[in-house]
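J.:
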Amino acid sequence: MKPASMCPTCKKFRSLSGHLFELSEYCRFLDNESKYKRHGQVRVVKTKVISDWLKLASQLEKVEIDAWKFTDDSSSRYCRPVADEHDSNSKHFTAYSTVLTRFMFISNALEETYRFVDRFYLSSEGVSELPENKKLREASLRATTLADNLASDNLPKYFKHIVNNLHLTFEYYCSELNPALTGMSGVEEDQNSYGLHIVRNIRNHIAHGVFPIIDNPEYWGEEETRDKLIALLFHASRVSCLYIQALIFKYNNGFQSDDYSIISEMNWDEETYFIDNCKVELALQLHIDSDFSFESPVANEC
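Under the numbering used here, residues 238 to 539 are what the sequence shown spells out, in order.
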């Protein structure tokens, strides 16, 4: 499904699952590592792990919820209206749980991206001269500073348009549910990090149990709320990927996987086409429909 199907810009985008797969493969072929220091401990963060979470999200089809579970097995005891409600609840909570789960898989990839780029924060513009008590401690907030320092040509294509899609649904979320927001004091809508702050808050709301599990609108809830929250999670998922693309593009050491090395040493037409198209700059357009795709990475002769 592609939201805003009448929007000429959004029509250019891959499906979310396709976008996730392309980004997953890009991170897999990079196969970069970075050291992350926290509380005196050091661990190695790998783009391969980012790739694994994204691939899970891309391959997720359905999180099945069975509203009949823990009810009497003899369905004949239920009148038709009750049975219909159970069936409807199963469909509703399955759809809602699926988008929630996909977003959390993507959030895990984004969290790992924060840690992957974290070491660049202390040497970034405007930070090195700050007193220690003014420097940010959390990797997620440090990433927002790195995002703000990105030049416009380091941002994915149509970045502002996609973040604005998220902004519109986030406004509804805030107006209807009035959630507590953190880390957004002084953040302006025109800053590169604006969408990342939104995503970070949504992720925290879900992780802390604040994000609502809405009632089935066919019986108890509101259709508009359901549709808006599903759209919010969709746009938050898309925007999360854009920030992974931007940060990985800025802070990488080129393609280092064995698979990429093997392909680059081959001399067949298909492999030449792959290497000609699989460049670091591809990160900025993985969300856009194009002739080249990791799903079918050979030249189309038609």
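The beta-carbon is built from N, C-alpha and C at its ideal position, and this holds for glycine as well. All values derive from a computational prediction rather than experimental measurement.
(1) Cβ of residue 193 within 8 angstroms of Cβ of residue 271?
(2) Give me the residue from 520, 512 and 521 with the minimum Cα distance to residue 534.
(3) For residue 278, which of helix, strand or coil comes out of DSSP?
(4) Which of helix, strand or coil does DSSP assign to residue 250?
(5) Find the nearest neighbour of residue 342 within the set 254, 355 and 493, judged by alpha-carbon distance.
(6) Please state whether DSSP places residue 516 in a helix, a strand or coil.
(7) May I ask you to report which of helix, strand or coil DSSP gives residue 377?
(8) Quick check: the Cα distance between residue 398 and residue 440, rounded to an integer number of angstroms?
(9) Thinking C-beta only, is residue 392 closer than 8 angstroms to residue 432?
(10) Counting Cβ pairs, one atom from each stretch, are 3 or more of them under 8 angstroms apart for the segment 435-450 and the segment 499-506?
(11) Here's a check: name, in chain order, each residue in its chain whose Cβ is nearer than 6 angstroms to the Cβ of residue 329, leaving out the five neighbours to either side.
(12) For the alpha helix (DSSP H) that contains residue 412, what are its first and last residues?
(13) Go ahead and label residue 422 buried or exposed: buried means 16 or more other beta carbons lie within 10 angstroms of its beta carbon, across all protein chains shown.
(14) Can you tell me the Cα-Cα spacing of residue 346 and residue 288, whole angstroms?
(15) Please look up how many angstroms separate the CB atoms of residue 259 and residue 531, rounded, as I've assumed it's under 8 angstroms.
(16) Between the segment 370-385 and the segment 475-491, do three or more beta carbon pairs fall short of 8 angstroms?
(17) Checking 8 angstroms against the spacing of the C-beta atoms, do residue 350 and residue 485 come in under that value?
(18) Can you tell me the Cα-Cα spacing of residue 395 and residue 275, whole angstroms?
(19) Helix, strand or coil: how does DSSP classify residue 343 here?
(20) Quick check on residue 377: buried or exposed, where buried means 16 or more other Cβ atoms within 10 Å of its Cβ?
(21) Measuring CA to CA, which of 412, 493 and 296 is closest to residue 335?
T.: Reading it off the structure:
(1) With the chain represented from 238 up to 539, any question about residue 193 goes unanswered, as that position is not in the structure.
(2) It is 512 whose Cα lies nearest to the Cα of residue 534.
(3) Three-state result, residue 278: strand.
(4) Correct three-state label for residue 250: strand.
(5) Checking every option, the nearest Cα to that of residue 342 belongs to 254.
(6) Residue state, collapsed to three classes: coil.
(7) Assigned with DSSP and collapsed to three states, residue 377 falls in helix.
(8) Between the alpha carbons of residue 398 and residue 440 lies a gap of roughly 21 angstroms.
(9) If you check the CB distance, residue 432 and residue 392 do not come in under 8 angstroms.
(10) No, the segment 435-450 does not touch the segment 499-506.
(11) Once the five neighbours on either side are set aside, the close Cβ partners of residue 329 are 453.
(12) From DSSP, the alpha helix (DSSP H) with residue 412 extends over 396-414.
(13) Classification for residue 422: exposed.
(14) Separation of residue 346 and residue 288 (C-alpha to C-alpha, rounded to the nearest whole angstrom) is 7 angstroms.
(15) Contact between residue 259 and residue 531 holds, since their C-beta atoms are separated by about 6 angstroms, short of 8 angstroms.
(16) Three or more Cβ pairs closer than 8 angstroms define a contact, and the segment 370-385 meets that threshold against the segment 475-491.
(17) Contact: yes.
(18) In a straight line, the C-alpha of residue 395 is about 34 angstroms away from that of residue 275.
(19) In the structure shown, the three-state DSSP call for residue 343 is helix.
(20) Residue 377 should be labelled buried.
(21) Ranking 412, 493 and 296 by Cα distance to residue 335 puts 296 first.
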